[in-house]
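Visitor:
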Amino acid sequence: METRSFNFLFKESIYPMAVVDNQMRFLNHSKLWLKDLDIADPDIIGKSFYDVVPNVTQEIKNIHQFCLEHKTKLNKNQKIIQPDGRVQWLNWQIKGWNNKENNQSGLLIVAEDITTDKKNEKLLLNIQNIANIGGWEFDFISNKAFLSDTLKQLHGLPLDYEINLEKGLNFYKEGEHRRRITQVVNEAMVNGTPWDIEIVIVTTNGDERWVRSIGECEIVANKCIRIYGTLQDIDQKKRIEIHNKEISERLTMATTDATNLGIWEYNIPDAHLVWDDNLYRIYGVAKDNFSETIDAWEAIIHPEDKLRCHNVLERAISEDKKYSLQFKIFWPNGEIRHIRTEFTTSRYQKGKPIRLIGAAWDNTESKVAEQKLKDLLEITNGQNESLLNFAHIVSHNLRSHSSNLSMLTSFLNTEENEHEKKNLIKMLTDASISLNDTVTHLSEVVHVKTNSVEKMKKIKLRQAVKNVENNISALLKEKEAVCNIDIDKSLFIQAVPAYLDSIFLNLFTNSLKYCSPKRTPIINVAAKQNNNKVSITFSDNGQGIDLDKHGKKIFGMYKTFHRHKDSKGIGLFITKNQIEAMKGSIEVESVVDKGTTFTLTLRRNI
Amino acid sequence: MSTCIIDDDPIFVYGAKRIMKEMEFCDEILVFNNGQEAIDGLLNITARGEKLPSVIFLDLNMPVMDGWEFLEDFVKIPNHNQDNVVVYIISSSVDPRDVERVNEYKIVHNYILKPITHQDLRNVLEELPNDPSSI
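The listed protein sequences correspond, in order, to chains A and B.
Here the numbering used here is used: the first residue of the first sequence is 4, the next is one more, and so on.
Here the numbering used here is used: the first residue of the second sequence is 57, the next is one more, and so on.
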């Protein structure tokens, strides 16, 4: 009964196993034995093992012999190629037995099919090799440590190297890295917190390598019994990453801190505009308020520049070139800023660019400085021009008299006729008086050209004009002229009092001198304020001047346009110089036989 | 031959006439006080069918119509014997812009700086065309 039930259990065993005698003849076997080893013959009892299982290697046969002799137990894996080409892995577990009762001996053989395990193991190994991942383990109960071959290679250790936890931690780079790994391992052992960090090890050759260390603890009854994990060689990737980070940091530093450069990118198919943080600062736009479109960008551009910017961008999208744009924008506080951007197209799809990428910066300061410089240059050029003109005027006017004087004296030297001598002397006297007048005029002009601004005072304009009108009241009466003065009593200007008198005196007398004999002379003086300036119009209904002919010369020295005995051509020249010395300007409009209007612009004083 | 002086400065006109007489520069001297008077006077001459003066001494700085404006109008006078008229600018201006501008006018022969001298007039006589019929 005992034997029969044992026999049944043996047959039905979940293991493919068999019992052979010392001649390697089958005494018994489980059903799985036939199935797993693909044995077609159902009756193998008494038959030779090597006939039934022909693929057995010599090594296995030797093990059989060894176990029979020593009654011992051995394991061995064997790879078998089946007739249909299928690979099968078997794990032979062989145990010698000896029955002293009936003096029998033999082997118990289990042939476990481990093909699936083997495959998985192989796969894992491949993965480890490809990904440079290796496993490790410290078992605190058995006090054993394990380091996979991959890891030994990674550390540069011989394959028979024996490891322990302390040695393991010492593979990490001294300082920051070793402190870090010690800390996470401690944390894991105390709290069971797993870790996943990127860290540097030092190989036995002294090379530093970046690895990714993943590990965790097995805790039983609040005690850590085992820690295990993997190390992956990520050196190349990490170094590239660090290099990229350095470049990116350098770029950020260079663009943001050093040059205040903003970067933008426009994705053409998606019509999507991306700005970096710096560009938002440059444009003075809040990130939340920006819809990342070209329209939103154009919305902050100054109206004068909007169309040009739009057109250049359109052209850039259709062409393949490097572009630059200079334009003005409005900051939210209304301030105008000058922006310059340079950009280029990139990435092509079917020959069309799909991206614009550019850099932009604020060059307001240099633009403003440039404008100041231009203005200054203009002023300097103007002053040079006027100095040169003045030098020529002086030399011409003085020379015309001196040449007359020298001519007359040479005649006088040879003249014998007394009457003619007297005539020459009279002419000499006239010439010297003219010379004296000219010198007086010139010194007056020089005086006007220097130190005028310091003498400027706050003057009530209406009062000043009225005073001049009173001074020439006799002349006005003689010409039966009408004066209309329409100036607000509260209007003050900044001017040199003597110049202002001289200017209005000159304008009044000019109007009267060149009045039309056909009509009553009418003079209108009006003034209006315009921000920090006052513009004064002085108009008459006199003979007028043909400005097409004489416009260029009207404010020139010794230029006269009328056949009038009092014309000297000095008045308007000095008037213009006096007005310009007070930082003002004078313009003229005139129609022949209708009248003349002078418009004076002077500084307002509040 | 006849000569024309266009200048508003009576002293210069006196001196020029005196020198011309001394060296018997010409038979007849016409004087105008500014460009406009000269244009009017010269138009009268052509209207009467008479010949224009052979030499014109022209001042630049004059009231009403200056020397430059005179030149613009003068070349427009119809039927004048322009080829036989030589114009000399005579001015006290040493402004190089004036001297340069003279080159723009084909009719202007030379630029004489005041005061005018006997030598200046002798040079003018030497430069005159030798065809006696035109004089």
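Glycine is no exception: its CB is placed at the ideal position from the N, C-alpha and C atoms.
Just to confirm, is the Cβ distance from A:I228 to A:I144 under 9 Å?
Guide: Closer than 9 Å, so yes.
Visitor: For A:F414, go through chain B and note every residue whose CB falls closer than 8 Å to its CB, in chain order.
Guide: G71 and R74, listed in chain order.
Visitor: To the nearest whole angstrom, what separates the beta carbons of A:H32 and A:A21, a pair I think is in contact under 8 Å?
Guide: So it is a contact: roughly 4 Å between Cβ atoms.
Visitor: Grouping DSSP H, G and I as helix and E and B as strand, with all else coil, what is A:L276?
Guide: Strand.
Visitor: Give the straight-line distance between the Cα atoms of A:Q466 and A:Y502, rounded to the nearest whole angstrom.
Guide: Rounded to the nearest angstrom, the two C-alpha atoms are 14 Å apart.
Visitor: Is A:L162 helix, strand or coil when you go by DSSP?
Guide: Residue state, collapsed to three classes: coil.
Visitor: Using alpha carbons as the reference points, say which of A:G554, A:L12, A:G547 and A:S538 lies closest to A:G587.
Guide: Ranking the options by Cα distance to A:G587, first place goes to A:S538.
Visitor: State whether the segment 157-172 of chain A contacts the segment 245-258 of chain A, with contact taken as three or more CB pairs (one from each stretch) at a distance under 8 Å.
Guide: No, the segment 157-172 of chain A does not touch the segment 245-258 of chain A.
Visitor: Leaving out five residues before and five after B:V120 in sequence, what residues of the same chain have Cβ atoms less than 6 Å from its Cβ?
Guide: Cβ within range, chain order: N90 and Q92.
Visitor: With a CB to CB cut of under 8 Å and the five nearest residues on each side skipped, what residues in its chain are close to A:K568?
Guide: Below a pLDDT of 50, predicted positions are generally treated as unreliable, and A:K568, at 49, falls in that range; no measurement from the model is reported.
Visitor: Throw me the rounded Cβ distance for the A:H404 and A:T441 pair, which I believe falls under 8 Å.
Guide: That pair is a contact at about 6 Å.
Visitor: When the cut-off is 9 Å and only beta carbons count, does A:L411 lie next to chain B?
Guide: So, interface residue.
Visitor: Of all the residues that make up the segment 148-175 of chain B, which are near chain A by a beta-carbon distance shorter than 7 Å?
Guide: Listed by position, the residues of the segment 148-175 of chain B near chain A (Cβ gap below 7 Å) are S148, S149, V150, D151, K170 and P171.
Visitor: Measuring straight from C-alpha to C-alpha, what distance separates A:L310 and B:D151?
Guide: Going by the C-alpha atoms only, they are around 48 Å apart.
Visitor: State the CB to CB distance for the pair A:I462 and A:A498, rounded to an integer number of angstroms; the pair is presumed to be in contact (CB under 8 Å).
Guide: Indeed they touch by this definition, with Cβ atoms about 5 Å apart.
Visitor: If you run the structure through DSSP and keep just helix, strand and coil, what is A:W300?
Guide: Residue state, collapsed to three classes: helix.
Visitor: So with CB distances below 8 Å, who are the chain A contacts of B:I145?
Guide: Under the 8 Å cutoff, chain A gives no residues; its nearest Cβ is about 13 Å from B:I145.
Visitor: Just the C-alpha distance for A:E483 and A:T599, rounded to the nearest angstrom, thanks.
Guide: Going by the C-alpha atoms only, they are around 19 Å apart.
Visitor: Please list, in chain order, the residues of the segment 335-366 of chain A that have any C-beta partner in chain B closer than 8 Å.
Guide: Flagged: no residues at all.
Visitor: Identify the contact partners of B:I67 in chain A, using a Cβ-Cβ distance below 8 Å as the criterion.
Guide: Near B:I67 (Cβ distances below 8 Å), the residues of chain A are N407, M410, L411, M430, D433 and A434.
Visitor: With 16 as the cutoff for other CB atoms within 10 Å, does B:M79 come out buried or exposed?
Guide: Counting Cβ neighbours within 10 Å, B:M79 comes out exposed, since fewer than 16 surround it.
Visitor: Please tell me whether A:N80 and A:K38 are closer than 9 Å, where the distance is taken between their beta carbons.
Guide: Not in contact: A:N80 and A:K38 (Cβ atoms no closer than 9 Å).
Visitor: At 9 Å on the CB atoms, spell out the chain B contacts of A:S398, in chain order.
Guide: Result: S148, S149, V150 and D151.
Visitor: Would you identify the three-state DSSP class for A:A43, choosing helix, strand or coil?
Guide: Reduced to three states, the DSSP call for A:A43 is coil.
Visitor: In chain order, which alpha helix (DSSP H) runs of at least 4 residues are fully inside the segment 53-118 of chain A?
Guide: Listed in chain order, the complete alpha helix (DSSP H) runs (minimum 4 residues) inside the segment 53-118 of chain A are 61-73.
Visitor: Near B:F113, what residues of its chain come up, given a Cβ to Cβ distance below 6 Å and the 5 sequence neighbours on each side ignored?
Guide: The answer, listed in chain order, is I61, Y144 and I146.
Visitor: Which of the residues in the segment 274-293 of chain A, read from start to end, lie with their CB under 9 Å from any CB of chain B?
Guide: Hits within the stretch: zero.
Visitor: Could you give the DSSP three-state label for B:D83: helix, strand or coil?
Guide: Looking at B:D83 - three-state DSSP - the assignment turns out to be coil, as it is neither helix nor strand.
Visitor: Interface residues of chain B around A:S593 at Cβ under 8 Å?
Guide: Per Cβ cutoff of 8 Å: no residues; A:S593 is ~16 Å from chain B at best.
Visitor: Should B:D83 be flagged as near chain A, meaning a C-beta pair shorter than 9 Å?
Guide: Output row for B:D83: interface = no.
Visitor: DSSP three-state call for A:H395: helix, strand or coil?
Guide: Helix at A:H395.
Visitor: Check whether the Cβ of A:T512 lies closer than 9 Å to any Cβ atom in chain B.
Guide: So no, A:T512 is outside the interface.
Visitor: With H, G and I counted as helix, E and B as strand and the rest as coil, what does DSSP make of A:K461?
Guide: Correct three-state label for A:K461: strand.
Visitor: Would B:E125 pass as an interface residue toward chain A - the criterion being a Cβ-Cβ separation below 9 Å?
Guide: Closer than 9 Å to some Cβ of chain A, the Cβ of B:E125 qualifies, so yes.
Visitor: Do you know whose CA, among A:F346, A:N58, A:V90 and A:D543, lies nearest A:A529's CA?
Guide: The shortest Cα separation from A:A529 among A:F346, A:N58, A:V90 and A:D543 belongs to A:D543.
Visitor: Would you say B:D122 lies against chain A (beta-carbon separation less than 9 Å)?
Guide: Closer than 9 Å: yes.
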